[in-house]
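Participant:
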Amino acid sequence: MAELLKLDKVTRAFSDGTQQVMALSNVSFSVSEGETLAIVGPSGSGKSTLLSILGLLDRGYKGTYTISDTNAAALDNQQLAHLRNREIGWVFQNFNLISHLSVLHNVVLPMRYNREIDKRAYHQRALAVLDSVGLKDKLDAKPSQLSGGQQQRVAIARALANQPSLVLADEPTGNLDSKTGNMISELLMSLAQAGTTVIIVTHDDKVAAKCDTQIRLKDGTIAHGE
Amino acid sequence: MVSSRLLFDLLCEWNRWAGQRGKVLILIVGFSLISFVFAMVLRLGDVLFFENPDWVGSEADFYTLSSVYDDGRQAGVSQQTIASLKDLPYVTDVAWLRTRTFDFRSNDYALYQPLALVFEPHLVDLLQLEFPATDKRSTGVWLTQRYWREAFNSDPEVVGKYLTHEKLSNSVPIRGVLPQQFNRIGPWSPDILLPADYLRYVTPFAPSSTLMIDRFLRSVPEYYGFFKTRRPIDVERLSQEMRNNDFSVQGMQVESHGGELNIFNGIMLDQKSATMLKQLWTFSVLLVIALVSIFSLNAFMSFSNRNLLLADEYRVLQTIGAQPIDLVRPVIVASVIKMGIIALISLGLNVLASHFISMNVHVTRLDLFSLDGKYPYYWALSLVFITLIYATAIIFPLMSLRKKTLFSRVMGTNRGYKQLLVGQGSLIFQLSIAIIATIAAIQISKQQLALFAPFNFNTSVQQVVINHHGGRLPIESIEDVRNDDTNNALALSVAPFDKPQTLSVGARELGFEREFEVHYVSQNYFNQLSAQVSADTRDWKSGVVINRTAQQFLAENRFNIRATPLYLGKILGSHRIFGVVDDIPHGGRFKRDQPTLYLPLSTVFSTPQSYTLYLDERMDVSSSGALQNYLDTHLVDAQITSSSTLKAVIDAQEARAQQLFYFSISVVIITLFGIALTLGYQVRSRLQLEKADYGVLIAIGAPFNALLIKACKPIAMGFGAAVIVTFAGYMLLVHLGYLHHVNLASAINLIALVLVGLITLSAVVLPLLKLTRSQVIDLIKQE
Ligand SMILES: Nc1ncnc2c1ncn2[C@@H]1O[C@H](COP(=O)(O)OP(=O)(O)O)[C@@H](O)[C@H]1O
Ligand SMILES: [Mg+2]
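Here the protein sequences line up with chains A and B, keeping their order.
If you count the first sequence from 1, position 87 lands on 87 in the UniProt record's numbering, and the numbers rise without skipping.
If you count the second sequence from 1, position 21 lands on 21 in the UniProt record's numbering, and the numbers rise without skipping.
#1: Relative to the C-alpha of Ala-133 (chain B), which candidate in B:Gly-160, B:Asn-107 and B:Leu-349 has its C-alpha closest?
#2: Could you name the residues of the same chain whose beta carbon sits closer than 8 Å to that of Val-2 (chain B), not counting the 5 residues immediately before and after it, in chain order?
#3: Using a beta-carbon distance below 8 Å, is Lys-218 (chain A) in contact with chain B?
#4: Please list, in chain order, the chain B residues whose beta carbon lies closer than 7 Å to that of Lys-119 (chain A).
#5: Using a Cβ-Cβ distance under 8 Å, would Ala-81 (chain A) count as near chain B?
#6: Do three or more CB pairs link the region 73-87 of chain B to the region 263-274 of chain B at distances below 8 Å?
#7: Using three-state DSSP, classify Ile-213 (chain B) as helix, strand or coil.
#8: Would you verify that the beta carbon of Ala-334 (chain B) is, or is not, closer than 8 Å to some beta carbon of chain A?
#9: Is the shortest distance between the beta-carbon of Gln-78 (chain A) and the beta-carbons of chain B less than 8 Å?
#10: Can you check whether the CB of Ile-709 (chain B) is closer than 8 Å to the CB of Thr-760 (chain B)?
#11: By how many angstroms is the C-alpha of Gln-448 (chain B) removed from the C-alpha of Tyr-377 (chain B)?
#12: Under 7 Å from any heavy atom of ligand 1, does the C-beta of Val-21 (chain A) make it?
#13: At the 8 Å Cβ level, is Ile-98 (chain A) part of the contact set with chain B, yes or no?
#14: Kindly indicate which three-state DSSP category residue 805 (chain B) falls into: helix, strand or coil?
#15: Leu-771 (chain B) to Ala-711 (chain B), Cα distance in whole Å?
#16: Helix or strand or just coil, what does DSSP make of Leu-597 (chain B)?
#17: Under 7 Å from any heavy atom of ligand 2, does the C-beta of Lys-206 (chain A) make it?
#18: Taking Gly-55 (chain A) as the query, report the chain B residues whose CB atoms sit under 8 Å from its CB, ordered along the chain.
#19: I'd like to confirm something about Gly-174 (chain A): is its beta-carbon nearer than 7 Å to some heavy atom of ligand 1, or not?
#20: For Ser-664 (chain B) and Ile-174 (chain B), I'd like the C-alpha separation in whole angstroms.
#21: Could you give the C-beta distance for Ala-322 (chain B) and Ala-81 (chain A), rounded to a whole number, given that I count them as a contact under 8 Å?
#22: Please state whether the Cβ-Cβ distance between Ser-104 (chain A) and Gly-63 (chain A) is less than 8 Å.
#23: DSSP three-state label for Leu-269 (chain B), please.
#24: Show which residues of chain B have a CB atom less than 7 Å away from the CB atom of Arg-125 (chain A).
#25: Would you kindly work out how many angstroms separate the C-alpha atoms of Gln-80 (chain B) and Phe-216 (chain B), rounded to a whole number?
#26: Return the CA-CA distance between Phe-31 (chain B) and Ala-39 (chain B), expressed in angstroms with no decimal places.
#27: Using DSSP bridges, identify the partner residues of Tyr-525 (chain B).
#28: Which of helix, strand or coil does DSSP assign to Lys-9 (chain A)?
#29: Within 8 Å of any Cβ in chain A, is that where the Cβ of Asn-15 (chain B) sits?
#30: Less than 8 Å between the C-beta atoms of Leu-117 (chain B) and Ile-185 (chain B), yes or no?
#31: Name the residues in the region 306-317 of chain B whose C-beta lies less than 7 Å from a C-beta of chain A; which are they?
#32: Along the chain, where does the alpha helix (DSSP H) that runs through Ser-52 (chain A) open and close?
#33: Which value, in whole angstroms, describes the spacing of the CA atoms of Pro-42 (chain A) and Ala-159 (chain A)?
#34: Give me, in chain order, the residues of the same chain whose beta-carbon lies closer than 8 Å to that of Gly-45 (chain B); leave out the 5 immediate sequence neighbours on both sides.
#35: I'd like the ranges of any beta strand (DSSP E) spanning at least 3 consecutive residues and lying wholly in the region 254-318 of chain B.
Written out as structure tokens, the structure is:
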């Protein structure tokens, strides 16, 4: 399958005044279209940092990140926003829904920044994705009225709103009980069947085992791949 | 489903302000108020300091030469004095005007002694006066629009008709009707405009004695001079120089009216109203400063507060591909709408203000807030001003989102010494204004309470205002007019019940000086009104009766009312005090404590233009033969212009004061709300910053008192400082002479302090209680 993204000797350092922290050093790997990748490793090993770079939220790295044959460093802010909007869907540990918007509005939100989608299609499309995550009956609820599992499903629906080619999930089950967590990870895995690339940061070995590839991070470097 | 971007932006903004909408409303009302008052400051400032009156066409800078009485009223000077200006090298152009009644008659219309504004023809060029037929300006007469309407029934064919005068052999043609601006010139409402030449015919001298006429006209102190100069002059110095000169005309002795020569900047005919407007202007400037500081601080804090929440939302939006403009756009859209609302409210306030001004006709410039004048420009300017403040309040916190220093500096939440000082400074400033506003609120409300006070005199007495065209009512024979049914005598005063004259009482040597209201009344006045006087007024032939407030005022100034006669200025001289009367609320019960004095009718030195009679309510004015007979015997053409009970007169006054009351109490309340909100923000963010400290204190078992003391300390220090600042400000104003002596420990002040103190305390206690109820672990956890 075609290569979707490729990291070449990516290094990310944070300095807080006096000290320098190497969050990532010389990380290289590539991911193909439709592949599922698990990133595992102890807390503080650089997993979230890596995901931020992959998700085009962090530009402060050294090395090369190529996505869809484009060097990410060559893109300006507007192009980055455009790519984030069309090609990438994010799922976070703490859901990060907009609290003052209803479920429906939260899911429509990414479509609003996508000019290719007709305004009249918002409702229909949002309904379709919400249906696919099994939340068709909670359209008008506010996030605070939902359980954690439901909130995470809204977040996944939002990530899928623009039919991205890449879904990034940062410990998506970390705040959920194991049963709900399983359902969520099943949901994410099923996306790959439809051809979406899924990269998931997880502590759960069972989830990691279901992925095509695993990357284990330790102190910012890849401990051993495959 | 909202799909329109605009509507969705608005929906988001609406949601983001959830729980804060009341605060936004107060902000909007506050800013509307600022916009209204600021526009008024600009417009008033223009009228007071830069603009010539509306009847003057020229925009050049002029000076006015006139004289001034002790109490600020203006009077004229002689032509001789004005002519002397022409000898000054830097004076380029001089002209004058005066007023005088002329006994013009008309074949078609009943006229009676119209008041003429008499002008030197050159005045038209100097001031660029604009009215019809200025080319024929040396003869003929012009009618003011008001007089044309009242006396000529707006006759469209009036131009070209003639007026006659018994001393003129030729009749005088009517040249035209003046534009509306001439309806009011300085303190006068003239009926006609008349060239100076006609003055020659109304002197005490025969037409043939031209020399005497010339001398007479040059020496009577009736003229107001206007002049232009090559360069700006020092009016004080020139006034002083001219006072030392002798401008008397040889061979003509004219009695001085007691005024002192004075030169004013600009066209100045009514210094008293100008002074009043200046006070209003100064007050408005202070109000704008206070409101701007409070509400810009408030806006700044509410936006800063909101941005902290917004920052999280923005991070989420970024991950789904939103760009900065997507975050800013809703704020801009919402702000534009808020500005629209603000503009509408301030316009509404303007409409109310012009309505109020038109009800108070003593204001010389009725067009002050007129929408077809200059006002709209100033209104627009004030909106720009508001927009700038508002935009700053939005943008500054956005910029400080990255660097939080600015935010914490204004909030006083930074540990830095300087930052703490700035935070404490803004706290002291706000509490000071809160104290002043509360004192004002209590004072205004106390006045409102006065409306419930019973009247201490008989309000069912009828007041009848009599106008006449000559003659004088003899007080002695007033007892002749008795009501046949009630056998009740009449009382008499010169001015109507609610329109007293004013007089400056006291002098610098006495250590006090204050404006008193003055009523010239007949001996049985108090009896007729059933008002209590300390002495038997049947013996009242001389001396003044003062009211309780006046008595109190004099006592406060260590004036011995039994031993010392009261000095009432050059003309009235000194009078002993005959007795003290209970305060009669001539201007409505709001204005109860107005120092007032009553003088016997016999002390009136000039012939009154009108009289006011007080009679029993049961007496029918129109059918009383005795009354009509009395009036007709002594007065020429006596007319009853109005008759109403004193109750009705007072009601009208109180209704007007009521409107002012509503306006001022709203201003005060909005200000207090604004301060309470800002205070709340400040306290909460301080608590938020120190919440870990509080968590530790709770964890180690500190009692609530300890927490309270820790939270209150900076606020209590601010409050103490605010009390000192406020009262020091009071004393400074008293020292500078802007305020009369105030009793700092008065009940009102103390109540205000307690109130503000309680509100401040609750602003600390409530968020603190909330804080103590949250999980200690959450407090200690660092983000
Ligand atoms: N914005 C930042 N500033 C400074 N240090 C950071 C920042 N983000 C991450 N780090 C540091 O980089 C390292 C990796 O962090 P992270 O990627 O969040 O780890 P993980 O997600 O694997 O727990 C940690 O040592 C963390 O302290
Ligand atoms: Mg992490």
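Cβ atoms here follow ideal geometry from the backbone N, Cα and C, with glycine treated the same way.
Predicted, not measured: the structure shown is a model, and the values here were computed from it.
Facilitator: Looking at the atomic coordinates:
#1: On the second sequence, position 133 is the one that residue 133 (chain B) refers to. Looking at the Cα atoms, B:Gly-160 is the closest of the given residues.
#2: Here residue 2 (chain B) is taken as the residue at index 2 of the second sequence, counted from 1. Around Val-2 (chain B): Phe-8 and Leu-11.
#3: For the purposes of this step, residue 218 (chain A) is taken as the residue at position 218 of the first sequence. For Lys-218 (chain A), not one C-beta of chain B is nearer than 8 Å to its own C-beta.
#4: As a first step, residue 119 (chain A) is located in the first sequence; it is residue number 119 there, counting from the start. Simply Ser-3.
#5: Indexing the first sequence from 1 puts residue 81 (chain A) at position 81. Ala-81 (chain A) counts as touching chain B.
#6: yes
#7: Indexing the second sequence from 1 puts residue 213 (chain B) at position 213. It is helical.
#8: Working through the second sequence from its first residue, we reach residue 334 (chain B) at position 334. Chain A, which has no Cβ nearer than 8 Å to the Cβ of Ala-334 (chain B), makes this no.
#9: Taking the first sequence and counting its residues from 1, one reaches residue 78 (chain A) at position 78. Yes, Gln-78 (chain A) lies at the interface with chain B (some Cβ there is under 8 Å from its Cβ).
#10: Counted from its first residue, the second sequence places residue 760 (chain B) at position 760. Counted from its first residue, the second sequence places residue 709 (chain B) at position 709. Taking 8 Å as the Cβ cut-off, Thr-760 (chain B) and Ile-709 (chain B) do not qualify as a contacting pair.
#11: Indexing the second sequence from 1 puts residue 377 (chain B) at position 377. Indexing the second sequence from 1 puts residue 448 (chain B) at position 448. Cα to Cα, Tyr-377 (chain B) sits roughly 36 Å from Gln-448 (chain B).
#12: For the purposes of this step, residue 21 (chain A) is identified with residue 21 of the first sequence, where counting begins at 1. At least one heavy atom of ligand 1 is nearer than 7 Å to the Cβ of Val-21 (chain A), so yes.
#13: As a first step, residue 98 (chain A) is located in the first sequence; it is residue number 98 there, counting from the start. Judged by the 8 Å Cβ criterion, Ile-98 (chain A) is in contact with chain B.
#14: Since the first residue shown for chain B is 1 and the last is 783, residue 805 (chain B) is missing from the structure and cannot be characterised.
#15: Position 771 of the second sequence, counted from the start, is the residue given in the question as residue 771 (chain B). Position 711 of the second sequence, counted from the start, is the residue given in the question as residue 711 (chain B). Taking the straight line from one Cα to the other gives about 11 Å.
#16: The sequence position of residue 597 (chain B) within the second sequence is 597, counting from 1. Strand at Leu-597 (chain B).
#17: By 1-based counting over the first sequence, the position of residue 206 (chain A) is 206. The answer is no for Lys-206 (chain A).
#18: In the first sequence, the residue the question calls residue 55 (chain A) occupies position 55. Here the neighbours are Thr-319.
#19: Indexing the first sequence from 1 puts residue 174 (chain A) at position 174. Because no heavy atom of ligand 1 lies under 7 Å away, the Cβ of Gly-174 (chain A) does not count as near it: no.
#20: Indexing the second sequence from 1 puts residue 664 (chain B) at position 664. Indexing the second sequence from 1 puts residue 174 (chain B) at position 174. Between Ser-664 (chain B) and Ile-174 (chain B), the C-alpha separation is close to 48 Å.
#21: For the purposes of this step, residue 322 (chain B) is identified with residue 322 of the second sequence, where counting begins at 1. For the purposes of this step, residue 81 (chain A) is identified with residue 81 of the first sequence, where counting begins at 1. Contact holds; Cβ gap of about 7 Å.
#22: Taking the first sequence and counting its residues from 1, the one referred to as residue 104 (chain A) is at position 104. Taking the first sequence and counting its residues from 1, the one referred to as residue 63 (chain A) is at position 63. According to the sequence shown, residue 104 (chain A) is Leu rather than Ser. No.
#23: As a working note, residue 269 (chain B) is residue 269 in the second sequence. Residue state, collapsed to three classes: coil.
#24: Counted from its first residue, the first sequence places residue 125 (chain A) at position 125. Here the premise fails: no neighbours, minimum Cβ distance about 11 Å.
#25: Along the second sequence, read from residue 1 onward, the residue named residue 80 (chain B) stands at position 80. Along the second sequence, read from residue 1 onward, the residue named residue 216 (chain B) stands at position 216. Approximately 10 Å between the Cα atoms of the pair.
#26: Here the question's residue 31 (chain B) lines up with position 31 in the second sequence. Here the question's residue 39 (chain B) lines up with position 39 in the second sequence. When rounded, the distance between both Cα atoms is 12 Å.
#27: Working through the second sequence from its first residue, we reach residue 525 (chain B) at position 525. Answer by DSSP bridge pairing: none, since Tyr-525 (chain B) is not bridged.
#28: Working through the first sequence from its first residue, we reach residue 9 (chain A) at position 9. It is a strand residue.
#29: One-based indexing of the second sequence puts residue 15 (chain B) at position 15. Yes, Asn-15 (chain B) counts as interfacial toward chain A.
#30: On the second sequence, position 117 is the one that residue 117 (chain B) refers to. On the second sequence, position 185 is the one that residue 185 (chain B) refers to. Yes; because the gap between Cβ atoms is below 8 Å, this pair is in contact.
#31: Glu-313 and Val-316
#32: For the purposes of this step, residue 52 (chain A) is taken as the residue at position 52 of the first sequence. 47-54 is the span of the alpha helix (DSSP H), which, as asked, contains Ser-52 (chain A).
#33: Numbered from 1 along the first sequence, position 42 holds the residue referred to as residue 42 (chain A). Numbered from 1 along the first sequence, position 159 holds the residue referred to as residue 159 (chain A). Using only the alpha carbons, I get a separation of about 26 Å.
#34: The residue you call residue 45 (chain B) lines up with position 45 of the second sequence. Only Trp-281 meet the Cβ criterion.
#35: Those beta strand (DSSP E) runs which fall completely within the region 254-318 of chain B and span 3+ residues are 260-265.
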